[in-house]
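In the order they appear, the protein sequences are chains A and B.
Just so you know, we're using numbering that gives the first Met the number 0 here: the first sequence kicks off at 0 and counts up by one.
Just so you know, we're using numbering that gives the first Met the number 0 here: the second sequence kicks off at 0 and counts up by one.
No residue lacks a Cβ here, since even glycine has one placed at the ideal position from N, Cα and C.
As the structure is a computational prediction, the values presented were derived from the model and not from experiment.
One structure is given here, and the rest of the page talks about it.
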Amino acid sequence: MRWLLLKDLQILRRSPLMVGLLIVYPIAIALMIGFALSSPPGKPKVAFYDAVPPGKGKINFGSQQINIASYAKDLFHSIQPIRVSSRAAAIAKVQNGDALAALIVPADIPEQIQGLVQTGVGNPTVQLILNSKDPIERQFVDQAIASDLNKVEQAVSKQVLHVAVSDLQQVLNGGSIQFLGQSFQLLGLRDSRTILQGSIASLPKRSSIAVALRQVVGFANLAIEGLGFASPVLGSIGTPLTVDETQLAGQTTPADTYAVAIAVIVSLMFVTLLLAAGMLALERSEHTYPRLIRGLVSPSRLLSEKVMLAAGCAAAVTLVMAAFVSAFVHLDWSRFELWVLALAFGGLAFGALGVAIGGLAREVSAASLMAFLVSLPIAFVALVPASAVSGGLKTVLDVVAFAFPFKPALEAASNAFSGSSPGIGWPLVHLLALTLVFAGLARLALNRFARA
Amino acid sequence: MPLTSTGVSTIAQTGAQAATLTASSVTKRFGARTALKGVSFELRAGELIAVIGPNGAGKTTLLSILAGILAPDGGEVTSNPADGRIGWVPQQPALYSKLSVAENLRLFARLERIADPEQSVGRMLAQTGLQERADDEVGRLSGGNQQRVNIAIGLLCDPVALLLDEPSSSLDPRQRERLWEFIGALAGRGTTVVYSTHNVAEAERYADRVLVLGDGELLFSGTPLELEQTVGGAAAGDFEAAFVGFLRDRGH
C-alpha cells in the first residue's frame, strides 16, 4: 500500500493546479467564513440631526426635571453617527452614499414627550430616512436603530418611573421638596393620619366633627394601603427583566470557537471528499484499476489507501489551519490530541464518503463535480438551526444530517477546540460507524469498475 | 480446425509440447446476457494466437477472464506451470500519465513484488527501446510509445503468456509494424502471445492460430489457412472474405 500512497503523492505533487483547487481554494473560503462568523458586524453609518435647541431638552415631571438630551448617547450603541447641522444635510448624506440612513430628532420632541407623560396621550416620533436598495442592508440598519431607540425608551421610562415612585413615597411619608428654587416641607399621608387620629381623641365622642374626621382617617387608611402597594409595583415595572441562564445539555462552545469549527470542518470535508473521489476516479480514467486488481492490490486495500491518503492530507491541512486561526480566536491547545482525533476520524468518514462517490464516477471531473454537489447540501442540512424549521421537516433534516459525517465531525471538532465542552467520544463512534457504512458502499460501487 | 456445433473445441496437443494456458468450458454472464458460452482451448508456449470476431462476440471478456480480471461463472482457466504468471496489456494504456516511464515501471515492479525492481525496469527499458525517454512523463509520449510502456508493464512479471487486447488499434502503420516486430520477438523467445483484434489482416499476417468468436461461442480454432480452406470457394486465398463468409454461414 505504501507504494500506492507514494505514487498518489507524486501525482499530487505534479498537479499544482489540482492541489491548488482542492486545498487552497476551500481553505480560503473556510477562513473567510470563519472570520465573518467570528467578527462582530460593523456599525452602520447614520447621519444624525438633533433639532432640539441646546438647553431645551428638558421635561418637567412631578417634582423633578428630566433631561432627555442626556439619553442621546444611548442612540449610538449600534450605529456610527455622522452629526450634521440640518435636516437637509442629513438627507444629503444619505443621498450621496456617505450614510446608509438619516435619523432626525424633531425640535418639539421634548414637548411631545412632556404631553405623553402628563396626559398619557400622544406618540413622540423621530424620523428615519433610508436609501438602501439592498433589502438585507436596509433590515440591518432598521434593526440597529430600532434596537438603540428601544434602549432610549427603556432609559427614559425607567427615569420617569423612578420620579413617579419617589413622588408617591413623598405623598405617603412626607419630606422636603424643591419648588421654584425654594424648599418646602411636605406633611405626608401617614403623618396626616396620625395628626387626625390625635385630634379625634381630643374631641367629645359624639362630636359631629369627630365623625367627619373619622371618615377622613378611613380614606387616609385606604390611600396609604393603596399607594403603599403601588410603589413596589411601579418600581418592578421600571426594572428590566434579568435572565439567569442555565445550560442543561448540549453545546457550551463559545460562538467564535464554533465558527472556527465550522470553517475547519467545511475545509476538511471539501479536501477529503474531492481528494478521495478524485484519486479513486483517476484509477479509472487512467485505466489502471483493472491492472491493479489483477492480484497486485485488492479492491479493499485500494479503497483504504485512497481514504487514508485523503484523510491524512486533509487532517494535516486543517490542523495547520486551526493552529493559524487560533492566533485570532481562542482554541484550547491543552486539548490538541482531541483536535487530532476529531480531524482524523472526520477525515476517515469523509474519505469513505469520497471513495463511494469516486466509485460511481467514470472520470475525475465527474467525481469532483459529484463530490462538490454532495458537500454543499450535507453542510447546509447540518447547519440549519432546529428552531428555523417545523417539526416534520426538522425530523427529516435530523435524519439526513445523522446519515452524513458533517454534523458529528463538527460536534467533535467544536468540542475538541473548546475546553468548556464535553468529550468527543460519541461523535467519534458515530464517525467510525459512518466510515464503515460508506466504505461498504464504495466496495459495492467498485464492482461496477471491474465490469465496465 | 472447425469446431463441433456445440462450440466446444476439440484441440489435441501437438507433439510433446505442453499447454501453457488452458480454458475449460468457460462461461460468463452479465445479467440475462451470456457473454461466453462454454469456451475451451489450449495455448502452447511460443504460440501467437489472434482472437477475432464481430463486435460483442466476447473477445475482451475472454481476455479479461484469462487475465484474472473477471471470474468465470462456469468452467476454469489453468496455467502451466501452476504458478506461471499471465501478463496482460489492456486496449488503452493503463499508465499514470503524471509519472515518468521509469516511475510507472518501478511502481508496477514493486507491486508485482519482483525481487530486483531496478534491474527489471532497466531490462524493460532496454527491451522497449525507451531508455532515452525513461524520465519523460508518460502523458507526453506518443500513442505508440505509451503502448510500448503498456506492454512492458505486462512483461514485468516475466509471464508464461502475454494477453493483449487490441494492441494496435490506436497506432499508426509505422508504430504498428514496430509493435508486431516486438511481439514476434517475444513469441520467438517462448512466450505465448494472445491478442484480440478487429483487423483480420493482422490476424492472418502475424497469428499462428486464430480463435473465432461469435455471440460468445468459440466457432473456430486453427490456422488462417485452415479457415480459408473451411470456407473454400471464392474465398480461397482471401482471408478477410473467408472470415466474413465463415461468420455469415453460421448466422453472424
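DSSP three-state assignment for residue i, whether helix, strand or coil
i                     : result
residue 417 (chain A) : coil
residue 53 (chain B)  : coil
residue 32 (chain B)  : strand
residue 289 (chain A) : helix
residue 169 (chain B) : coil
residue 48 (chain B)  : strand
residue 160 (chain B) : strand
residue 6 (chain A)   : helix
residue 457 (chain A) : A question about residue 457 (chain A) goes unanswered here, because the residues of chain A that appear run from 0 up to 451.
residue 136 (chain B) : strand
residue 43 (chain B)  : strand
residue 75 (chain B)  : strand
residue 266 (chain A) : helix
residue 37 (chain B)  : strand
residue 319 (chain A) : helix
residue 434 (chain A) : helix
residue 44 (chain A)  : strand
residue 103 (chain A) : strand
residue 68 (chain B)  : coil
residue 423 (chain A) : coil
residue 22 (chain B)  : strand
residue 246 (chain B) : helix
residue 125 (chain A) : coil
residue 339 (chain A) : helix
residue 60 (chain B)  : helix
residue 146 (chain A) : helix
residue 284 (chain A) : helix
residue 193 (chain B) : strand
Spatial neighbours of residue i in its chain, beta-carbon cut-off 8 Å, leaving aside the 5 residues before and after
i                     : result
residue 238 (chain B) : 199, 200, 202, 203, 223, 226 and 227
residue 96 (chain B)  : 136, 137 and 138
residue 101 (chain B) : 120, 124, 133 and 134
residue 474 (chain A) : Here chain A covers residues 0 to 451 and nothing more, so residue 474 (chain A) does not appear.
Whole-angstrom C-beta distance between residue j and residue i, which should lie under 8 Å
i                     : j                     : result
residue 128 (chain A) : residue 90 (chain A)  : 6 Å
residue 253 (chain B) : residue 192 (chain B) : Lying before the first or after the last residue shown, residue 253 (chain B) is absent from chain B, which here runs from 0 to 251.
residue 92 (chain B)  : residue 148 (chain B) : 7 Å
residue 430 (chain A) : residue 345 (chain A) : 6 Å
residue 76 (chain B)  : residue 164 (chain B) : In fact, because the Cβ distance is near 16 Å, the residues do not count as touching under 8 Å.
residue 358 (chain A) : residue 445 (chain A) : 5 Å
residue 378 (chain A) : residue 401 (chain A) : Not a contact, Cβ separation roughly 14 Å.
residue 98 (chain A)  : residue 81 (chain A)  : 5 Å
residue 272 (chain A) : residue 353 (chain A) : 4 Å
residue 296 (chain A) : residue 110 (chain B) : 7 Å
6 Å CB neighbourhood of residue i in its chain, flanking five on each side removed
i                     : result
residue 264 (chain A) : 408, 409 and 412
residue 33 (chain B)  : 215
residue 11 (chain A)  : 18
residue 246 (chain A) : Residue confidence for residue 246 (chain A) is low, a pLDDT of 48 falling below 50, so the modelled location carries little weight; the figure read from the coordinates is stated next. Cβ within range, chain order: n/a, list empty.
Proximal chain B residues relative to residue i, where beta-carbon distance stays under 7 Å
i                     : result
residue 462 (chain A) : In the structure displayed, chain A extends from 0 to 451; residue 462 (chain A) sits before or after that span and is not available.
Contact list for residue i against chain A, beta-carbon separation under 7 Å
i                     : result
residue 252 (chain B) : Outside the modelled stretch of chain B, which goes from 0 to 251, sits residue 252 (chain B), for which no answer is possible.
Residues near residue i in its chain [Cβ-Cβ closer than 7 Å; skip 5 each side]
i                     : result
residue 18 (chain B)  : 12, 41, 42, 43 and 79
residue 300 (chain A) : 0
residue 7 (chain A)   : 278 and 308
residue 421 (chain A) : 414
Residue i: contacting residues in chain B (beta-carbon distance under 9 Å)
i                    : result
residue 13 (chain A) : 97, 98 and 136
Contact set between residue i and chain A, taken where Cβ atoms lie within less than 8 Å
i                     : result
residue 155 (chain B) : Neighbours of residue 155 (chain B) on chain A: none; closest Cβ ~11 Å, over 8 Å.
Contact list for residue i against chain B, beta-carbon separation under 8 Å
i                     : result
residue 290 (chain A) : 87, 89, 93, 107 and 152
residue 10 (chain A)  : 95, 97 and 98
residue 2 (chain A)   : 106, 109 and 110
Proximal residues of chain A, C-beta to C-beta of residue i below 9 Å
i                     : result
residue 102 (chain B) : 6 and 9
Cutoff 8 Å: residue i Cβ touching any chain D Cβ
i                     : result
residue 152 (chain B) : No chain D is present in this structure, whose protein chains are A and B.
Closer than 7 Å: residue i CB and nearest the ligand GTP heavy atom
i                     : result
residue 104 (chain A) : Ligands are entirely absent from the displayed structure, and the ligand GTP is therefore not among its contents.
Notebook entry, point to check: In chain order, which alpha helix (DSSP H) runs of at least 4 residues are fully inside the stretch 149–205 of chain A?
Noted result: Listed in chain order, the complete alpha helix (DSSP H) runs (minimum 4 residues) inside the stretch 149–205 of chain A are 188–201.
Note to self: As an exercise, report each continuous alpha helix (DSSP H) stretch of at least 4 residues that is fully enclosed by the stretch 83–130 of chain B, in chain order.
What the structure shows: Runs of the alpha helix (DSSP H) lying entirely within the stretch 83–130 of chain B and spanning at least 4 residues, in chain order: 100–110 and 116–127.
Check: Residue ranges of each alpha helix (DSSP H) run of no fewer than 4 residues wholly in the stretch 201–238 of chain B, ordered along the chain?
Finding: 223–230
Next item on the list: Starting from the N-terminal side, write out each stretch of the beta strand (DSSP E) that is 3 residues or longer and does not extend beyond the stretch 50–86 of chain A.
Entry: 57–60, 63–66 and 79–82
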